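FYI, my numbering numbers position 65 of the sequence shown as 77, with every residue one higher than the one before it. Down below is the structure, laid out as structure tokens.
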Amino acid sequence: MEERIQKDIMSAMKEKDEVRLTALRAVKTAIMQTKTSPNFKGDRDANLPDADVLKIMQKLAKEREESFNIYISAGRNDLADKEHKEMLIIKEYLPKPLSEEELTTLVKEVIAEVGATSMKDMGKVMAAVMPKTKGRAD
């Protein structure tokens, strides 16, 4: 995924697509910050695993969405528009979110799998559901 982002940065530069370039550079910067963090345990020269890149992109998309809402409430439509466009570009790289119906079906299947019968079993259900919805549902 990291290589794809780098290629897309180059394409955006060639196409002079400033909004896409800004959004993808923000992703690249966040990846580099992760790699140079003192807490980073991996190989700084290797690409981050796609799961880590997805987490970074989810965080950046959420930040853009929050900024968009703040700018809208402040009447700054010009800045809100910029944030919204960047958020949409970042979301292009994220997996398609589960619909409410898909999520409900998945949870019901997991409840049956783990044999949950009461609210006391919520921890078991959540532990089984979370890995299946990683990056696709909160």
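We put the beta carbon where it would ideally sit given N, CA and C, even for glycine. Please read all numbers here as calculations on a predicted model, not as lab measurements.
Assign Phe-52 to buried or exposed, taking buried as 16 or more other Cβ atoms, counted over all protein chains shown, within 10 Å of its Cβ.
Walking along the sequence shown from the start, residue 52 turns up at place 40. Using a 10 angstroms sphere on the CB of Phe-52, the tally of other CB atoms stays under 16, which defines it as exposed.
Give the single residue among Thr-129, Glu-125 and Ala-149 whose Cα lies nearest to the Cα of Ala-140.
Here the question's residue 140 lines up with position 128 in the sequence shown. Comparing Cα positions, the closest option is Glu-125.
Considering Phe-80, what are the terminal residues of the alpha helix (DSSP H) in which it resides?
For the purposes of this step, residue 80 is identified with residue 68 of the sequence shown, where counting begins at 1. Residues 62–85.
By how many angstroms is the C-alpha of Val-31 removed from the C-alpha of Ile-84?
As a working note, residue 84 is residue 72 in the sequence shown. As a working note, residue 31 is residue 19 in the sequence shown. Looking at the two C-alpha atoms, the distance is approximately 19 Å.
Would Ile-21 pass as a contact of Lys-47 if the rule is Cβ separation under 8 Å?
Working through the sequence shown from its first residue, we reach residue 21 at position 9. Working through the sequence shown from its first residue, we reach residue 47 at position 35. Not in contact: Ile-21 and Lys-47 (Cβ atoms no closer than 8 Å).
Excluding the five sequence neighbours on either side, which residues of its own chain have a C-beta within less than 8 Å of the C-beta of Arg-96, listed in chain order?
Taking the first residue of the sequence shown as 1, we reach residue 96 at position 84. In the sequence on display, residue 96 carries His and not Arg. Excluding residues within five positions, the ones whose Cβ falls inside 8 Å are Arg-76 and Phe-80.
What span of residues does the alpha helix (DSSP H) with Asn-89 cover, start to end?
Along the sequence shown, one-based indexing puts residue 89 at 77. 89–103 is the span of the alpha helix (DSSP H), which, as asked, contains Asn-89.
Please classify Arg-148: does DSSP put it in a helix, a strand, or coil?
On the sequence shown, residue 148 is found 136 positions in, with the first residue counted as 1. Three-state DSSP puts Arg-148 in coil, outside helix and strand.
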